[in-house]
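Let me begin by presenting the structure, written as structure tokens, before commenting on it.
Residue numbers (the UniProt record's numbering): 1 to 341.
Set out below in structure tokens:
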């Protein structure tokens with residue numbers, strides 16, 4: 001049937017291409033700032049231009065119609081006010097510079113498209129350009145923000161500062177032995193190697209003493225530490241009612257998975273999740289702080305660990321915010337283990 005009307009289909013396809021090809025060439029010129037978009041338009045135009053092709057078989061007509069359809073969809077998706085791919089790539093790069101998309105964060109086309117308000121198909125092209133430029137790293141269908149050279153030292157410094165905040169809060173007072181690197185890593189949701197580097201940093205600065213085969217000891221110099229400069233205001237525990245354990249466990253699991261997978265979350269969503277889990281933690285503290293189970297020292301430590309975590313302010317980047325929320329979830333887990341809260 002299609003072959004019977006091949007001439008009519010051919011005429012329709014060619015007239016459609018003639019109508020839209022000038023606009024496609026304009027879009028191709030506008031895509032000059034993006035290598036991947038330039039190549040895409042060249043391929044779309046080449047596939048759709050059937051002026052020198054005989055369309056006599058079903059396969060030929062279907063292929064031509066498919067090429068024209070792809071060209072029309074591309075024109076629709078790139079219509080104003082949609083920005084060109086080069087501009088989308090520039091906006092992503094700006095978010096990388098501002099740490100909205102921090103080193104190590106995983107970006108998906110759909111989430112990034114929603115964050116920027118642009119089509120996901122164009123985000124894919126921007127990812128290709130930025131990967132070629134070394135801003136992003138793509139592998140196994142994942143796209144991540146490439147880590148900066150000083151990323152690990154920054155993480156070590158931040159973790160060391162958080163440990164100092166815990167010392168200043170009274171969680172680990174002078175003369176107290178710190179937990180081992182494995183246990184600290186569990187509390188801080190950090191790998192043992194990173195914790196060990198942070199402890200080495202604190203030893204070098206004179207806050208702790210470390211000897212092979214013994215726990216690190218908090219030195220008397222810790223008396224010089226002022227209480228943490230910023231204490232986050234706590235929500236009030238209304239009526240002493242505790243949230244259902246299933247709700248708490250879901251929030252803890254959500255916080256853990258967000259940090260584990262490092263998928264981008266808008267800053268406002270990070271704040272919302274942190275505030276929600278923190279409010280639950282305050283309710284749990286109010287109801288169960290005096291109900292220790294197991295060794296008394298473990299119960300006291302669990303209470304102090306959670307108190308310090310709920311007072312610690314949220315950092316101003318999404319990635320660190322996810323880490324602090326996961327750390328709060330770890331403190332809630334320890335508290336629930338050693339109390340009847």
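Glycine included, C-beta positions come from ideal geometry on N, C-alpha and C.
No experiment lies behind these values; they were computed from the predicted model shown.
{"Query": "Locate the alpha helix (DSSP H) running through residue 333, then write down its first and last residues.", "Result": "318–338"}
{"Query": "For a test of the three-state rule: what should DSSP assign to residue 142, helix, strand or coil?", "Result": "strand"}
{"Query": "Below 8 Å CB to CB, which residues in the same chain sit around residue 187 once its five sequence neighbours on both sides are set aside?", "Result": "179, 305, 327, 330, 331, 334"}
{"Query": "Roughly how many angstroms lie between the CA atoms of residue 1 and residue 10, to the nearest whole one?", "Result": "The predicted position of residue 1 is uncertain, since its pLDDT is 48 and thus under 50; no value can be drawn from it."}
{"Query": "Three or more C-beta pairs under 8 Å: does that hold for the segment 77–87 against the segment 32–48?", "Result": "yes"}
{"Query": "In three-state terms, what does DSSP make of residue 348?", "Result": "The question about residue 348 has no answer here: the residues shown for the chain are numbered 1 through 341."}
{"Query": "Check residue 217 in the structure and name its three-state DSSP category.", "Result": "strand"}
{"Query": "Is it true that the segment 99–112 meets the segment 136–152, where meeting means three or more beta-carbon pairs spaced less than 8 Å apart?", "Result": "yes"}
{"Query": "Alpha helix (DSSP H) containing residue 164: first to last residue?", "Result": "151–169"}
{"Query": "Throw me the rounded Cβ distance for the residue 44 and residue 70 pair, which I believe falls under 8 Å.", "Result": "6 Å"}
{"Query": "If you measure between the beta carbons of residue 216 and residue 196, is that distance less than 7 Å?", "Result": "no"}
{"Query": "With DSSP collapsed to three states, give me the class of residue 208.", "Result": "strand"}
{"Query": "Please report how far the alpha carbon of residue 338 lies from the alpha carbon of residue 309, in whole angstroms.", "Result": "16 Å"}
{"Query": "Among residues of its own chain, excluding the 5 on either side of residue 227, which ones have a beta-carbon nearer than 6 Å to its beta-carbon?", "Result": "168"}
{"Query": "If we ignore side chains and look at the alpha-carbon of each, how far apart do residue 31 and residue 110 end up?", "Result": "22 Å"}
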